[in-house]
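One structure is given below, encoded as structure tokens.
Protein chains: 2
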Amino acid sequence: MKYNEQGLIPAIAQDSVTGEVLMVAYMNQEALALTIESKHAWFYSRSRQELWHKGATSGNILVVERILTDCDADTILLLVRPKGPACHTGERSCFFQEVVEVESETRPRGVGYVGPGIA
Amino acid sequence: MKYNEQGLIPAIAQDSVTGEVLMVAYMNQEALALTIESKHAWFYSRSRQELWHKGATSGNILVVERILTDCDADTILLLVRPKGPACHTGERSCFFQEVVEVESETRPRGVGYVGPGIA
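Protein chains in written order, with my numbering: chain P, 5 to 123; chain S, 5 to 123.
What follows is the structure, encoded as structure tokens:
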């Protein structure tokens with residue numbers, strides 16, 4: 005894996021059932037190792053400058069089913085089963101804000117990708 | 005939007021029909037502006053140090069339907085309709101490599117998320 009100058013790599017957590025992109029955070033080597041070992045998503049919190057077991061306090065852990073990387077190995081994609089909302093705001097996914105309204109003839113109104121499994 | 009020290013923000017491109025995460029690249033402010041204006045994904049190529057109209061040469065453009073950001077506005081999520089394989093390797097998605105085999109009782113073998121719309 006290719007880590008950046010801070011020793012970090014971006015990691016996307018995607019719901020393995022619904023396909024929703026839930027959140028993006030960063031991992032260092034240790035966080036990746038802990039993720040592989042525990043099958044829970046661990047990240048490195050840049051703001052707190054420490055390892056972060058996502059959901060350890062809230063119970064909203066991400067159970068990791070598959071760990072993928074891209075063609076140049078500088079991004080991680082986790083396929084996960086979330087045990088609760090992924091966002092600290094209580095939203096299912098952190099991606100609930102539109103940057104700008106893009107007029108789309110093909111895409112119905114809505115936020116993000118909502119696949120099977122969403123009521 | 006919160007750009008990093010290099011003036012860049014990571015942008016995830018997700019297929020708006022299938023839910024597959026296709027690729028991750030970086031945008032600067034100009035790339036985001038061009039994306040909004042043209043409804044095609046533009047990025048900033050860190051290796052070539054220049055703006056990059058994804059697919060302009062190959063025809064494998066990403067038509068942008070929706071532009072989302074996360075709770076702390078430091079990541080962009082594009083919902084797109086790809087006009088061809090997103091990866092320069094010819095793969096549909098750049099995320100075709102497993103980092104490590106994670107034994108999963110719930111997830112069938114396969115690479116990434118494959119939602120409706122995939123034959």
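Beta carbons: idealized from backbone N, C-alpha and C, even for Gly. Please read all numbers here as calculations on a predicted model, not as lab measurements.
Rounded C-beta distance between Ser20/S and Val84/S? I'm assuming under 8 Å.
Their Cβ separation, rounded to whole angstroms, is 6 Å, which keeps Ser20/S and Val84/S in contact under 8 Å.
Any residues in the segment 67-99 of chain S with a beta carbon nearer than 9 Å to a beta carbon of chain P? Which ones, in chain order?
Val67, Val68, Glu69, Arg70, Ile71, Leu72, Thr73, Asp74, Cys75, Asp76, Ala77, Asp78, Thr79, Ile80, Leu81, Leu83, Arg85, Cys91, His92, Thr93, Glu95, Ser97, Cys98 and Phe99
At a Cβ threshold of 8 Å, is Ser42/P touching chain S?
no
Of all the beta strand (DSSP E) runs that stay within the bounds of the segment 31-111 of chain S, which reach a length of 3 or more residues?
You should have 46-49, 54-57, 66-73, 80-86 and 101-104.
Would you call the segment 43-56 of chain P and the segment 94-101 of chain S in contact, with 3 or more CB pairs under 8 Å?
no
Name the two residues that bound the continuous beta strand (DSSP E) containing Gln18/P.
Ile13 to Asp19
Can you give the Cα-Cα distance for Gly59/P and Gln33/P, rounded to whole angstroms?
19 Å
For Tyr117/P and chain S, any beta-carbon pair shorter than 8 Å?
yes
Taking the beta carbon of Glu69/S as the centre, do at least 16 other beta carbons fall within 10 Å, making it buried, or is it exposed?
Result: buried.
Spatial neighbours of Asp74/S within its chain, please: C-beta separation below 8 Å, excluding the five flanking residues on both sides.
Leu81
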